[in-house]
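S.K.:
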Amino acid sequence: MLLRTNTARRLHSAALSCPSRHLSVTVVIATAIALTACGGGSSGEDPEPPAGPGTTATTLVRVAAEPAGSQCAAGGTRVQSGPDADANGQLADSEVVNTQYVCNGLNGGAGATGQSMLVRVRVEAAGANCAQGGSAVLAGLDANGNGALEDGEAGSIAYVCNGANGSNGSNGATGPTGPSGPAGASGLDALVAVVTESAGANCAYGGQRVQSGQDANRNGVLDAGEVSSTAYVCSAAPADIRWVNVTGAAVQAESNTGYLANSNAAVVVTLPASPAIGDWIKITGVGSGGWTVAQNAGQRIATLGLPGGNLIGWTAQAPVGSWTGTAMSADGARQVATSASGELYTSSDAGAQWALRLTGQTWSGVATSSDGMKILAATNGGALYLSTDGGANWSNDGSARAWSAVASSADGVRLVATAYLGQIWTSSDSGANWTARDSNRAWRAVSSSADGRVLVAGTNGAQLYVSTDYGVTWTARASAQFWWATAASADGKRLYATVDAGAIWRSDDSGATWEAVASARDWRGIASSSDGRYVVAATSGGALYESPDGGQTWRATADAGAWTAVASSADGLTLLAGKSGAALYGGVRRSSTTPGVTGSLSGGQSDALQLQYVGGGVFMPISYVSSNLTFAAQ
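Residue numbers for the sequence shown, in my numbering: 543 to 1176.
(1) Please report the straight-line C-alpha distance between Val878 and Ala1098, rounded to a whole angstrom.
(2) Residues in its own chain within less than 8 Å of Ala934 by CB, not counting five upstream and five downstream?
(3) Residue ranges of each beta strand (DSSP E) run of no fewer than 3 residues wholly in the region 746-771, ordered along the chain?
(4) Name the DSSP bridge partner or partners of Pro1163?
(5) Can you tell me whether Gln940 is buried or exposed? The criterion is at least 16 other CB atoms within 10 Å of its CB, across all chains shown.
(6) Excluding the five sequence neighbours on either side, which residues of its own chain have a C-beta within less than 6 Å of the C-beta of Gly1129, listed in chain order?
(7) For Ser1165, count neighbouring Cβ atoms within 10 angstroms of its own Cβ and tell me buried if that reaches 16, exposed if not.
(8) Should Ala1098 be flagged as near chain D, meaning a C-beta pair shorter than 8 Å?
(9) What's the gap between the Cα of Ala1150 and the Cα of Asn804?
(10) When you compare only the Cα positions, how much space is there between Lys1121 and Thr866?
(11) Can you give me the C-alpha to C-alpha distance between Gly676 and Ser740, rounded to a whole angstrom?
(12) Closest to Phe1173 by C-alpha separation, out of Gly800, Val835, Thr968 and Gly1034, would be which residue?
(13) Indicate the three-state DSSP secondary structure (helix, strand or coil) for Gly694 in the structure shown.
(14) Measuring straight from C-alpha to C-alpha, what distance separates Ser950 and Trp1047?
(15) Between the C-alpha atoms of Gly914 and Asp971, what's the straight-line distance to the nearest angstrom?
(16) Is it right to say Asn852 is buried, meaning 16 or more other beta carbons lie within 10 angstroms of its own, or is it exposed?
(17) Let me check understanding here. Comparing Cα to Cα, which of Ser1168, Arg1075, Ser883 and Glu692 lies closest to Ala1032?
(18) Does DSSP put Asp635 in a helix, in a strand, or in coil?
(19) Could you pull the DSSP bridge partners for Ile917 from this structure?
(20) CA-CA distance, Thr912 and Ala1069?
(21) Does the beta-carbon distance from Ala1060 to Val862 come in below 8 Å?
(22) By DSSP, does Gln877 sit in helix, in strand, or in coil?
(23) For Ala882, which residues in the same chain have their Cβ closer than 7 Å to its Cβ, ignoring the five residues on either side in sequence?
(24) Select from Gln965, Trp1025, Asp1091 and Thr1055 the residue whose C-alpha is nearest the C-alpha of Ala1062.
(25) Looking at Tyr1012 and Gly994, is the spacing between their C-beta atoms short of 8 Å?
(26) In terms of alpha-carbon separation, which member of Asn686, Pro609, Tyr1087 and Ala992 lies closest to Ser1180?
(27) Do Trp785 and Val809 count as a contact pair if the criterion is CB distance below 8 Å?
(28) Contact check, Val775 vs Gln753 under 8 Å by CB: the rounded distance?
(29) May I have the straight-line CA-CA distance separating Gly964 from Ile917, to the nearest angstrom?
(30) Span of the beta strand (DSSP E) holding Ser982?
(31) Does the beta-carbon distance from Val793 to Leu802 come in below 8 Å?
(32) Counting only the same chain and skipping the five closest in sequence on each side, list residues whose C-beta sits under 6 Å from that of Ala807.
(33) I need the DSSP call for Cys776, collapsed to helix, strand or coil.
(34) Under DSSP, the beta strand (DSSP E) around Asp1064 begins and ends at which residues?
(35) Nearest to Thr1140 by CA position, among Trp896, Gln837, Ala919 and Ser797, is which residue?
(36) Hey, Trp822 and Gln1094 are a contact pair by Cβ (cut 8 Å); roughly how many whole angstroms apart?
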């Protein structure tokens, strides 16, 4: 559709002209449109004759955002136009002669209805709207979804009217010997083309592309080489006005649609087969049967942010022992476990297979670097043992102390070890040399931040002690308790400590203050993800307990037993726990449904969920209501 204005004539109301009302539609224009014009007269033999009276200034249009206020209650777009009096190609404030407003509807405009905004230009015959004729610009929502703006869908009409013809330019001045110059030439037409813009980089949800320029070859068509300005009228993001009431057993979902599972039997809603990034669906459980979201091949649903979506599954591993310590690399692939009965095992495949590395020592604790290659293991009454190759080869420091616990920085350079009724010892050279710190106490536990700067150590019957200078100095914190185990986030801000026949305590300020965050139990080992969000703690004679929210809430996981030690990967998704006199247990925290057609996610009556496609076959929850406490992931 072309909008033509003869630029040798005055353009009446170059902007959308509707002085009596605002356009109550949602329109986003990315760039300003300039309808340029050429003056009238041309010269005879004079090089630069004065313009004849038919000359007009270039008409410019400027578009800017209009904030919410008296002009547009919900904000919108301000369209200003006027002649380029100073011929600098910019519409100055003093040159503005016409201002119109394209206002967002109070109900959210196009975005609230999920329908596309369309613009159409048609010829306006001479008459009441335009005395000399011109063009009518129609805008409105595509109510029937056919991609064409029909007359009945036009919510607003504005007019761009032709002005009266200007007079011809004067003849050029007579030269010394030449004849009079010819009459002034006609100006070029300015053309505007409005075409559909597909969803993409310019308009995320599609819209209209508006191009303008001069008809240089006078063929009445705006050719590609004549386009001097391009703007976009973009449709707003689709909204969820389209809800489908599902009373049958199953439905194939369409993108950007909501579904009401309204049946006494379970309703299966299958994800869209070919979604675009950003597409979404919603499901609300209305009937007592609830709902299940089924998947197509290659699809899965991320579940970490959902109640019940991050449960841990535990599997018994091959080795059996009286486990005193567990540790693993940041990615969970390399694992190590020590037993009071003398065995030290390592695994390089996340616990699928285990190799016996050392025997004959009363092991009391173990720690690893983030890559799992540097291992520090402690013995009760013996030496500290070190490996730099993932446990294949070992050396020891030759000491003989009642070592109770050890910790390591992420790079394995800074190490710390506690001796029961002895001192704390630190090393800054991967265990080559050790320095005694603080005083003789009944040290039982110690943990380190990733850089080794923040350390927390627990005593049996006294206070917790915290160091923020790599173990050089220590400060007593919290109260006297029978502290059993500690854990630290990577940055050292969040610290945890368990108490035998007491609570779990947490600090969010690197140990300066502490609060109880779990009920009193016979707590043993504790482990945390690197950000301190996912926590798993062991009890003696009870279950393992885990928290997905930094210790705010806790739930039992695994079975009951004499749990002693637990370790976590950096992301909290891979776990290792040990019982006394039993097998090792590998844990995997669920982060998504099973990929493909066997995976699913289910909710009950009054449960609601919105999923958005983020690419790679993954749908991510962006909102939910869980009336039944948890969702069920398969």
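Note that CB positions come from ideal geometry on N, CA and C, so glycine has one too.
M.R.: The relevant details are as follows:
(1) 24 Å
(2) Arg899
(3) The beta strand (DSSP E) runs lying completely inside the region 746-771 and spanning 3 residues or more are 749-756, given in chain order.
(4) Paired residues: Leu1153.
(5) It is Gly, not Gln, that sits at residue 940 in the sequence shown. Answer is exposed; the Cβ neighbour count stays below 16.
(6) Ile854, Trp856 and Leu1117
(7) exposed
(8) Note that chain D does not occur in the displayed structure, where there is just one protein chain.
(9) 12 Å
(10) 8 Å
(11) 28 Å
(12) Val835
(13) Residue state, collapsed to three classes: helix.
(14) 22 Å
(15) 17 Å
(16) buried
(17) Arg1075
(18) helix
(19) Thr910 and Ser929
(20) The question names Thr, but residue 912 is Ser in the sequence shown. Roughly 14 Å separates the two Cα atoms.
(21) no
(22) DSSP, reduced to helix, strand and coil, places Gln877 within a strand of the structure shown.
(23) Ser864, Thr866, Thr904 and Trp905
(24) Selected option, being the one with the closest Cα: Trp1025.
(25) yes
(26) What is shown of the chain runs 543 to 1176, which leaves residue 1180 out entirely.
(27) no
(28) That pair is no contact at about 12 Å.
(29) 22 Å
(30) A small correction: the amino acid at residue 982 is Asn; Ser does not occupy that position in the sequence shown. It spans Thr977 to Ser990 - the beta strand (DSSP E) in which Asn982 sits, taken as one unbroken run.
(31) No, these two residues do not count as a Cβ contact at 8 Å.
(32) Gly831
(33) strand
(34) Run containing Asp1064: Glu1057 to Ser1070, per the beta strand (DSSP E) assignment.
(35) Gln837
(36) With 8 Å as the limit, Trp822 and Gln1094 do not qualify as a contact, their Cβ atoms being about 29 Å apart.
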